[in-house]
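This report concerns only the one structure given below.
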Amino acid sequence: MATGASTVDLSIILIDARKGVVEQTRRHAYVSSLLGIRRLVVAVNKMDLVEFDERRFDQVRREFELLTPHLRRVAFDFIPLSALEGDNVTFRSARMPWYSGPSLLEYLETVDVDQALDQAPFRFPVQYVIRPDLDFRGFAGQIASGRVRPGDEVVVLPSGRRTRVARIATMDGDLAEATAPMSVTLTLEDEIDLGRGGILASPDAPPQTGRWFESSLVWMGGDRLAAGKPYILRHGPHQVTARVHRLMHRTEINSFRREDAHHLELNQIGAAVVETTQPLHFDSYAGNRRTGAFILIDPITNLTLAAGMIERPAADPHDEFRASKRLAFEPQHGRRALIVADPDSPLPHALREAGENVVLFDARGRHHHDVLAELRNQGLL
């Protein structure tokens, strides 16, 4: 469901009128919310098996509304129906006179699901470089967000160089403007080295760049998620090797509580810190669903294992440790301090409150030989 729903604007949650809200209902609603789907249609089906009872429909609706505090900015519409004979599916049913709303088909034909992709900052991931001869170099792809015109200034990533768009080429001729989600070929005024996986973006609001980020994960693999194991991360047309540095928490789907966890299993949902071998150019998923999404792939079987939604950049713990080596051993009012601890422990905060000089070293995900070498270099062993 996660991969299929990642590009949709509306989700239909089907509920059996006899059973009401079950675990699968909670899971589908929560995943839809994670994926940024802002409108859900809750279709209460099999109303014929409950005698088209309005009270049962209202009861199911109240059950579902209890989930709303755990879902992110989602609007709901409820439709009672019976798919057996098409009641409220393609026509308004006379057997449910207490329902005055549209049928499901009427609703889908009239609902407004505009995501205003063309109003977001410009993002153009390059999928293919077209160079039929020495006089033409075009960059083909789909506009992920925003709009572009010839003459617009863009920043080229990863190089960081700036240039201007020369042409917007299509099979039907050049365009004066292109908007998301159109597929076009852009040419630039300057000769710039740019390949598949690169991005043309707005210089006034560029994406973030980094190798570490926090993300929500929906795990779809038969084998459990393993921290530290290499996976293929596909971010738009860009592929890099990545690993889950650590799992931050797992969401218990019946209560929506966040639980401490060291792994994810099939259909489980959690949050993790992900590390890539090469920098990615990304936005938060809340800000841009196209450039904030990724999938994890098994490098051996090529099966999709997880759908990921980037929440925010994360600090590189190795950089933090290298910086800490300078700070930890400089005199601080005659004192020095080094703490090797779990970054999630309350101990560092308590020591800071007591006025101690605290430096964190996150040793998780690093080989013990590396840890010992760092400590030996500092004269602690």
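So for the sequence shown, my numbering puts the first residue at 131; every next one is plus one.
Built from N, CA and C at the ideal position, the CB exists for glycine as well.
All values reported here derive from a predicted model rather than from experimental measurement.
Where methionine 177 falls: helix, strand or coil (DSSP): helix
Cα-Cα separation, arginine 222 to aspartate 207: Distance between the alpha carbons of arginine 222 and aspartate 207: 16 Å.
Burial state of threonine 406 (16 or more Cβ within 10 Å): buried
Simplified DSSP assignment, three categories, for tyrosine 258: strand
Serine 332 classed as buried or exposed, judged by whether at least 16 other C-beta atoms fall within 10 angstroms: Under a 10 Å Cβ-count criterion, serine 332 is classified as buried, with 16 or more other Cβ atoms of the shown protein chains found around its own Cβ.
Candidates Leu426, Asn418, Leu363, of which the one nearest aspartate 248 by Cα: Asn418
Range covered by the beta strand (DSSP E) that runs through valine 190: Where valine 190 is concerned, there is no enclosing beta strand (DSSP E), although the alpha helix (DSSP H) it sits in stretches over 184-195.
Coarse secondary structure for histidine 411, derived from DSSP in three states: The DSSP-derived three-state label of histidine 411 is strand.
Inter-residue spacing [alpha-carbon to alpha-carbon] between arginine 326 and valine 285: 16 Å
Opposing strand residues paired with glutamate 344 [DSSP bridges]: Val403, Arg442
Same chain, Cβ closer than 8 Å to proline 232, five either side skipped, listed in chain order: Ile209, Arg222, Thr240
Reference leucine 197; option with closest CA among Gly400, Ala246, Ile143, Asp263: When Gly400, Ala246, Ile143, Asp263 are compared, the shortest CA-CA separation from leucine 197 is found for Ile143.
Within the region 204-243, ranges of the beta strand (DSSP E) (whole runs, at least 3 residues): Listed in chain order, the beta strand (DSSP E) runs fully inside the region 204-243 are 205-210, counting runs of at least 3 residues.
Limits of the alpha helix (DSSP H) - the one that alanine 512 falls within: Nothing can be reported for residue 512, as the shown portion of the chain is limited to 131 through 511.
For glycine 358, the nearest candidate out of His365, Ala436, Arg376 (CA to CA): Answer by Cα proximity: Arg376.
Closest residue to proline 199 among Pro227, Tyr160, Val172, Glu215 (Cα-Cα distance): Tyr160
Where histidine 392 sits in the DSSP three-state scheme: coil
Three-way DSSP call (helix, strand, coil) for threonine 421 in this model: coil
Endpoints, beta strand (DSSP E) assigned at glutamate 75: Since the displayed the chain opens at 131 and closes at 511, residue 75 lies outside it and no answer follows.
DSSP three-state assignment for leucine 264, whether helix, strand or coil: coil
Through-space distance from glycine 216 to alanine 445, alpha-carbon basis: 54 Å
Contact set for aspartate 390: own chain, Cβ-Cβ below 7 Å, skip 5 residues either direction: His379
Boundaries of the beta strand (DSSP E) in which aspartate 146 is found, first to last residue: 141-146
The beta strand (DSSP E) enclosing alanine 299, as first and last residue numbers: 291-299
Exposure label - arginine 261; buried when at least 16 CB within 10 Å: By the neighbour-count rule (16 or more Cβ atoms within 10 Å), arginine 261 is not buried but exposed.
Reduced DSSP category for leucine 247 - H, G, I as helix; E, B as strand; rest coil: helix
Enclosing beta strand (DSSP E) for serine 313 [first to last residue]: 313-318
Identity of the residue in Ile383, Leu238, Leu214, Arg442 nearest histidine 158 by Cα: Ile383
Element boundaries [beta strand (DSSP E), containing isoleucine 362]: 361-365
Nearest-angstrom Cβ-Cβ length linking phenylalanine 343 and arginine 442, presumed shorter than 8 Å: 7 Å
Beta bridge counterpart(s) of alanine 308 as assigned by DSSP: Bridge partners of alanine 308: Val278.
Distance between serine 141 and valine 243 (C-alpha atoms, nearest Å): Straight-line measurement puts the Cα of serine 141 at about 11 Å from the Cα of valine 243.
Close beta carbons around leucine 235, own chain, < 6 Å, minus the five adjacent residues each side: Correct list, in chain order: Thr220.
Local Cβ density within 10 Å of glutamine 408, reported as buried at 16 or more and exposed below that: exposed
DSSP state of threonine 339 mapped onto helix, strand, coil: strand
Extent of the continuous beta strand (DSSP E) to which alanine 331 belongs: 329-331
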